[in-house]
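Residue numbers (the working numbering), protein chains in the order written: chain S, 3 to 145; chain U, 10 to 168. Each remark here refers to the structure printed beneath this line.
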Amino acid sequence: MADELLPSRAEQVQAFLGRTPFAQEIGMRCEVMGDEMTAIMPFQQKLIGNFTIQALHGGAIAAFLELTAMAQVYLVTEHLERPPRPINITIDYLRQGHAKDTFARATITKMGRRMCSVRAEAWQDERSKPVTSLLAHFKVSAD
Amino acid sequence: MEDDATPTLEPWQVMGENLDIMTGGIPWGRRMSFRVTKLEKGRVWGVQPWKERLVGDPDTGVIHGGVLTSFLDNLSGMAASSSLEKARFVSTLDLRIDYMRPAEPQREILGEAECYHITRNVCFTHAWAYHESRDKVIATAAGAFAINKPRSVESLRAF
C-alpha cells in the first residue's frame, strides 16, 4: 500500500527535469515508456549558434544529449537517490542541426557496479540520420 | 609586383579586436552569457558566469556540465581559428570532456583553450575550466575541428 504513495522512477525522472533549471532552459521534455525514453528539445530561437545558416548551436545539442543520457541511466538505476554524475563525455558532431525540433534516445551499453557506459543519439527528420552522437560514462555507485 | 602598401591583419588580430561580438553575436552565446577575455594566436581565455538558469543540480546549485561543454567548445573553436594564417571558420568534429571535480555553486568559471597542432584540414585543441588556476581543474576538453572553406578576413568582423 505504502508503495503506491511513492513516486515511480519514471515520475522521478520527470520531476528531475522539471526542477532542473538548465533542462528548462533548453526546453527539454521526455516521454518514458517502461525502461525506455525519448527526449524532445523543441526548437527555440535561443538555441541558434549560427544566424546565417540558421543552425542549432553544437553546445545546445551536446547539453541535450548529456541530459538524455543522464535521465536514461537514472531511469534504470533504482538504487540511486539522485541522478548519476558524469565522468566524461565524447561528442561526435555528425550533421548540421537545423532550426527545428530535435529528438534523442540513449542506450546503456554496459551497466557496471560503479560505472556505466552510455551512447546517445540526437536526430531531427530521420532517426537513421543522427545529427550528433554522444558517448558518456556515469558514476552509478551510491555513496 | 606585390602590393604591400596595406599590411594584412592576421585572423587572430581581427578576432582580438572584436572579442565582444565573438560570443555576444549569437543567441546561444548570449543565453550562456560567457565572454572571451583575451585572445592570442592559437590561445583564448574566457569567463563563464554563474546563473540560476544554468544550474544542472537544483539541490546544490552547481552549473550543468552541458554549460561547460558549450563554453569549452566555443573557446576551443576560437583557439583553432585564431591559430590559422588565413581567415577560416572551423566546425567541431568531436569534443571529449573529462569532469575532474564539480564546479562550486555561485562562482564564475574561468576557461582557457589552445590549439596545439594544425594539419591541412584539422585543428587539434586542448581546453581547461577552473575557478582559480589550472592546478585545480574542473573539466578538461580535447577537440578536433575541421577547417572550412576560405572566407575573407573581413567576414570575421560581421560574425
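Don't be surprised by glycine CBs; every beta carbon is placed ideally from N, CA and C. Values in this document were obtained by computation on a predicted structure and should not be read as measured data.
One or two residues paired with residue i in a DSSP bridge
| i | result |
| --- | --- |
| residue 57 (chain U) | U:118 |
| residue 48 (chain U) | U:53 |
| residue 123 (chain S) | S:107 and S:135 |
| residue 38 (chain S) | S:35 |
| residue 28 (chain S) | Residue 28 (chain S) is not bridged to any residue. |
| residue 43 (chain S) | S:104 |
| residue 112 (chain S) | S:119 |
| residue 139 (chain U) | U:119 and U:146 |
| residue 105 (chain U) | S:92 and U:151 |
| residue 100 (chain U) | U:155 |
| residue 126 (chain U) | U:133 |
| residue 142 (chain S) | For residue 142 (chain S), which the question treats as bridged, DSSP gives no partner whatsoever. |
Neighbour flag for residue i against chain U, beta carbons, 8 Å
| i | result |
| --- | --- |
| residue 88 (chain S) | yes |
| residue 126 (chain S) | no |
| residue 100 (chain S) | no |
| residue 145 (chain S) | no |
| residue 140 (chain S) | no |
| residue 22 (chain S) | yes |
| residue 29 (chain S) | no |
CA-to-CA distance, residue j to residue i, given in whole angstroms
| i | j | result |
| --- | --- | --- |
| residue 55 (chain U) | residue 92 (chain S) | 22 Å |
| residue 131 (chain S) | residue 105 (chain S) | 12 Å |
| residue 60 (chain S) | residue 138 (chain U) | 18 Å |
| residue 145 (chain S) | residue 117 (chain S) | 12 Å |
| residue 39 (chain S) | residue 94 (chain U) | 46 Å |
| residue 167 (chain U) | residue 13 (chain S) | Model confidence at residue 167 (chain U) stands at a pLDDT of 49, short of 50, so the residue's coordinates are unreliable; what they give is reported in the following sentence. Each residue's alpha carbon lies about 46 Å from the other. |
| residue 110 (chain U) | residue 147 (chain U) | 5 Å |
| residue 29 (chain S) | residue 46 (chain S) | 8 Å |
| residue 69 (chain U) | residue 94 (chain S) | 30 Å |
| residue 54 (chain S) | residue 100 (chain S) | 12 Å |
| residue 128 (chain S) | residue 97 (chain S) | 12 Å |
| residue 142 (chain U) | residue 112 (chain S) | 35 Å |
| residue 34 (chain S) | residue 77 (chain S) | 9 Å |
| residue 107 (chain U) | residue 159 (chain U) | 32 Å |
| residue 58 (chain U) | residue 19 (chain U) | 30 Å |
| residue 91 (chain U) | residue 102 (chain S) | 31 Å |
| residue 90 (chain S) | residue 27 (chain U) | 33 Å |
| residue 65 (chain S) | residue 123 (chain U) | 22 Å |
| residue 137 (chain S) | residue 37 (chain S) | 19 Å |
Cβ neighbour criterion (16 or more within 10 Å) applied to residue i
| i | result |
| --- | --- |
| residue 41 (chain S) | buried |
| residue 10 (chain S) | exposed |
| residue 115 (chain U) | exposed |
| residue 39 (chain U) | exposed |
| residue 107 (chain S) | buried |
| residue 17 (chain S) | exposed |
| residue 7 (chain S) | exposed |
| residue 143 (chain S) | exposed |
| residue 125 (chain S) | buried |
| residue 88 (chain S) | buried |
| residue 44 (chain S) | exposed |
| residue 144 (chain U) | exposed |
| residue 46 (chain U) | exposed |
Proximity test, Cβ basis, 8 Å: residue i and chain S
| i | result |
| --- | --- |
| residue 108 (chain U) | yes |
| residue 18 (chain U) | no |
| residue 42 (chain U) | no |
| residue 100 (chain U) | yes |
| residue 129 (chain U) | no |
| residue 29 (chain U) | no |
| residue 157 (chain U) | no |
Integer Cβ distance of residue i from residue j, believed to fall under 8 Å
| i | j | result |
| --- | --- | --- |
| residue 152 (chain U) | residue 85 (chain U) | 4 Å |
| residue 79 (chain U) | residue 41 (chain U) | 5 Å |
| residue 56 (chain S) | residue 63 (chain S) | Not a contact, Cβ separation roughly 14 Å. |
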